[in-house]
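Going by the UniProt record's numbering, the letters in the sequence shown line up with residues 1 to 797, in that order. Don't be surprised by glycine CBs; every beta carbon is placed ideally from N, CA and C. Please read all numbers here as calculations on a predicted model, not as lab measurements.
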Amino acid sequence: MSSEHRLFYTTPSTSFPTSLPLGNGRFAASVLSCPSKEVLILNEVSFWSGKPQPAGAGLSEKPKQAKDELRETQKCYLNGDYAQGKKRAERYFESKKTNFGTNLGVGRLEIAVNGQGAVENVSGFERELRLDEAVAETRYALDGRQFRRRCFLSHPHQVLVVQFEGDDLDGLEVEVGIQGENEAFTSKVNENGRLEFNAQALETVHSDGTCGVKGYGLIAATVYQGKVQHRDGKLVVSAKKSMTILVTFNTNYTEPGDDQWKKRTVSQMEAALKQSASDLFQAHLDDYQPLYRRVSISLGSQSESGSAATTPTDQRRSSFEASGYADAGMFALYFHYARYLTIAGTRQDSPLPLHLQGLWNDGEACKMGWSCDYHLDINTQMNYFAIMNSGLSDLMQPLITYLGHLAASGQETARVCYGCHGWVAHVFSNVWGFTDPGWEISYGLNVTGGLWLASHLIEIFEYSLDDDFARNEAWSVLSGAAKFFLEYMVEDPKTGWLVTGPSVSPENSFFVVNKNGEKEEHYAALAPTLDIVLVRDLFAFCEYVATQLGCEEYNRKEEIRTYQEALAKLPPFQIGKHGQLQEWLHDFEEAQPYHRHLSHTMALCRSAQISARHQPDLAEAVRVTLERRQDREDLEDIEFTAALFAHNYARLGDADKALAQVGHLVGELSFDNLLSYSKPGVAGAENNIFVIDGNFGGAAAIAEMLIRSIIPRLGGPVEVDLLPALPAAWAEGKVRGMRIRGGLEADFGWRDGKLDGVTLRASAASSLVLFYGEHRFVTRYQAGDVLKLGPTLELQG
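Below you can see the structure in the form of structure tokens.
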């Protein structure tokens, strides 16, 4: 298999950073493999500690007249009294953690391999994750016998499958046991000869240790010419040719009042046992491969030349930086790995979207203040940065469903905290729909966190141009957010601008000088740039839908005028004294100029509000912002920061700097299994902590380097740039099936750094302005059209 579609190692795996991740969108396993043992760390997306709590339950003090208290607090900031504003914000807009909870690991499936001979005689040890098949496989020879293990997690059958095969398994004995992650775990061999286990997600860091989701699992084994016994609470399996271990698991997350979830575990096992291992595998492939094969990229024949195809992935990664990131195939591998992780991590029928660690869990975030949850100030959003261009829009459904729940819960938070209609969510959420402010003003008063996540609905529409989606799913959520912000925002009497706040620019701080001439550090302000970026896109979307899609059924003239007037009053972008794009409304001195967050750059890298073509002065100001951050030796250098640097540089057309940042992410901010991580010393972390957003953010940046699309104004033409940030190291390559805005799909290739041509297929009707270097192509297109263009964008055929 191509090295662009395979993780490959010749050393055993003994810890999470070397494990290989499997998943079916709900149930997950991280595979640790060595000759004498196979260990699978089991996770499930809904296995959460904690429980629901009413909106406002954790507030320091519930305001009796919430709207009045909001206006008084805003007045403090309008008058420049940040100290008093902070006191009021801490009083009314700060929560206490009660039973928020965290996603916990389910347990460790431990499979000991006995009777195969002396381990020191092992030769030819190899393990790999084949991305095109979603299979983890281990192979080795021992005392002249060949052994193979194959693991996959079936979505159609909802079962984990572990197969042992070999030339001759005679004398081999496999002991199968399971250990829980906490004391609320029991296991036994039941009357049917299956190993069953009960678990509950209990912990005391993010909840009180008494509440959490319950889970029930079954483990069974089948053999060819062998037997299944039990000893000391474990299954003991032996066979001549092959043996298969099956695991099913479900929780009571959505069914706390009955045993249907337990019965589902049993029925899944019964169905799986009726299938042969080869039939289970074929059903798995038939389900998975059509998704994975929708898109492919290749970044040069050099990726398959020399030793790239045979060098283990950990060795390629360790030498990646020293080579100047010359191994182009590693970038393609990272891109495809992100697509694999998306499909493994979330499916159309998944009960929940991707969380901080996707679907997996190294146990680190659970132990500290972070929680393995839904961070709404970049992390959850970045999980979905690469999903649309990969042609996986149908896998957005769990996020769409979750946003509906978040909006419903957020209505009560909007009422209790702010006295407003509509809905709001802040810095983080959980499976219970938590929408209140966070535990401290410094990060918790992120008023646009929920809106930021909901902005993915706008992106879905931009890619699909599906009017029904805009009119229904997107409108139901985004119109409620607009209703909140229209009521919540206040007009600055000095400028006439509509401003949000008090709100933070995640999670940065600034200095103000008080009336005594003393510097004070603050986090909350009025109208942080991120807020205005998000609110502007929100109002523009709602105006478009109300104008274009709603007038026939409803009289929306007054509503449309409201959006238009609000848009006209939003503060403009501003360039500060250093030439930087201001992060706040005022040109504050940054208290943390080394900060990891780059929230205000969303105007360039995720929105169409700033582009080098249309707003070159603002684009240059973003560049200054990036360079001022990078000039700091104490920069908080973590996974999502590198991805954001790369994404922004790609949008600026700076190929070399984009390449360096993605290369840094792959080479220095990812484990040997290429899962991205956050370094110790940042945000209270004591160890390297797996955070999956770097994988998705890095893939998005790679795509942006190859093809960029924006819609400057909804209803207008889509603008597409081909090879806008192509580095010299990627002199040859091809892309197949890449989705772009405007309902378009693109195939294109290049040699010696120059475009060979491009084919565009349309699934919707719109207009297009296509750019490549100095060449430009303009057209209108209809659904079903196929456009073939040559190296200088001349129409062919």
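Beta-carbon proximity of residue i to residue j, cut-off 8 Å
| i | j | result |
| --- | --- | --- |
| residue 798 | residue 375 | Not covered by the structure: residue 798. The range shown for the chain is 1 to 797. |
| residue 700 | residue 647 | yes |
| residue 562 | residue 486 | yes |
| residue 629 | residue 635 | yes |
| residue 20 | residue 129 | yes |
| residue 46 | residue 403 | no |
| residue 425 | residue 444 | no |
| residue 127 | residue 13 | yes |
| residue 361 | residue 158 | no |
| residue 139 | residue 145 | no |
| residue 711 | residue 679 | no |
| residue 427 | residue 503 | no |
Residue i Cβ short of 7 Å to the ligand PLP heavy atom set
| i | result |
| --- | --- |
| residue 249 | Looking for the ligand PLP in the displayed structure turns up nothing, as the structure carries no ligands at all. |
Alpha-carbon to alpha-carbon, residue j and residue i
| i | j | result |
| --- | --- | --- |
| residue 476 | residue 745 | 28 Å |
| residue 325 | residue 186 | 48 Å |
| residue 303 | residue 327 | Because residue 303 sits at a pLDDT of 44, beneath the cut-off of 50, its placement in the model cannot be relied upon, and the point is left open. |
| residue 771 | residue 786 | 18 Å |
| residue 247 | residue 234 | 14 Å |
| residue 241 | residue 164 | 8 Å |
| residue 765 | residue 789 | 18 Å |
| residue 488 | residue 566 | 12 Å |
| residue 6 | residue 760 | 29 Å |
| residue 416 | residue 40 | 45 Å |
| residue 9 | residue 569 | 57 Å |
| residue 118 | residue 322 | 38 Å |
| residue 343 | residue 442 | 35 Å |
| residue 742 | residue 473 | 19 Å |
| residue 581 | residue 589 | 13 Å |
| residue 623 | residue 279 | 54 Å |
| residue 600 | residue 528 | 8 Å |
| residue 224 | residue 122 | 25 Å |
| residue 27 | residue 613 | 45 Å |
| residue 454 | residue 391 | 19 Å |
| residue 702 | residue 719 | 18 Å |
| residue 514 | residue 94 | 23 Å |
| residue 113 | residue 36 | 5 Å |
Start and end residues, alpha helix (DSSP H) containing residue i
| i | result |
| --- | --- |
| residue 403 | 397–418 |
| residue 168 | Residue 168 -> no alpha helix (DSSP H), and no H or E assigned at all. |
| residue 723 | Taken as a continuous stretch (DSSP letters only), residue 723 belongs to no alpha helix (DSSP H), as it is neither H nor E. |
| residue 659 | 655–668 |
| residue 602 | 602–605 |
| residue 470 | Residue 470 -> no alpha helix (DSSP H), and no H or E assigned at all. |
| residue 569 | 557–569 |
| residue 443 | 441–444 |
| residue 798 | Within the shown structure, residues of the chain are numbered from 1 to 797, placing residue 798 beyond reach of any answer. |
| residue 628 | 616–630 |
The beta strand (DSSP E) enclosing residue i, as first and last residue numbers
| i | result |
| --- | --- |
| residue 37 | 37–48 |
| residue 698 | Looking at the DSSP string, residue 698 is not in any beta strand (DSSP E); the run it does join, the alpha helix (DSSP H), is 693–706. |
| residue 298 | 296–298 |
| residue 464 | Counting along the chain, residue 464 falls outside any beta strand (DSSP E), though it belongs to the alpha helix (DSSP H) covering 449–464. |
| residue 74 | Segment 66–78 is the alpha helix (DSSP H) holding residue 74; no beta strand (DSSP E) there. |
| residue 198 | 195–200 |
Rounded Cβ spacing between residue i and residue j (contact assumed at less than 8 Å)
| i | j | result |
| --- | --- | --- |
| residue 643 | residue 698 | 5 Å |
| residue 43 | residue 106 | 6 Å |
| residue 377 | residue 507 | 7 Å |
| residue 251 | residue 277 | Not a contact, Cβ separation roughly 26 Å. |
| residue 696 | residue 338 | 5 Å |
| residue 650 | residue 725 | 5 Å |
| residue 440 | residue 505 | The pair is not a contact, with the Cβ atoms about 15 Å apart (cut-off 8 Å). |
| residue 384 | residue 132 | That belief does not hold up - the Cβ atoms of residue 384 and residue 132 are roughly 23 Å apart, past 8 Å. |
| residue 104 | residue 49 | 6 Å |
| residue 676 | residue 691 | 6 Å |
| residue 539 | residue 458 | Contact flag wrong, Cβ pair sits at about 11 Å. |
| residue 73 | residue 55 | Actually they are not in contact, since the Cβ atoms of residue 73 and residue 55 sit about 19 Å apart, beyond 8 Å. |
| residue 153 | residue 160 | 5 Å |
Cutoff 8 Å: residue i Cβ touching any chain D Cβ
| i | result |
| --- | --- |
| residue 150 | No chain D is present in this structure, which holds just one protein chain. |
3-residue-minimum beta strand (DSSP E) runs that sit fully inside the stretch 83–110, ordered along the chain = Within the stretch 83–110, no complete beta strand (DSSP E) run reaches 3 residues.
In the stretch 208–270, which residue ranges form an unbroken alpha helix (DSSP H) of at least 4 residues, counting only runs that do not cross its ends?
-> For the stretch 208–270, not a single whole alpha helix (DSSP H) run of length 4 or above is found.
Hey, which unbroken runs of the beta strand (DSSP E) at 3 residues or more fall wholly within the stretch 493–533?
-> Runs of the beta strand (DSSP E) lying entirely within the stretch 493–533 and spanning at least 3 residues, in chain order: 510–513, 519–522.
Please list the segments of the alpha helix (DSSP H) lying wholly inside the stretch 291–375, counting only runs of 4 or more residues, in order along the chain.
-> Scanning the stretch 291–375 for uninterrupted alpha helix (DSSP H) segments of 4 residues or longer gives 313–318, 328–345, listed from N- to C-terminal end.
Return the chain-ordered ranges of every beta strand (DSSP E) run that is complete within the UniProt domain "Alpha fucosidase A-like C-terminal" (719–774) and spans a minimum of 3 residues.
-> 733–740, 744–751, 754–762, 766–772, all fully within the UniProt domain "Alpha fucosidase A-like C-terminal" (719–774).
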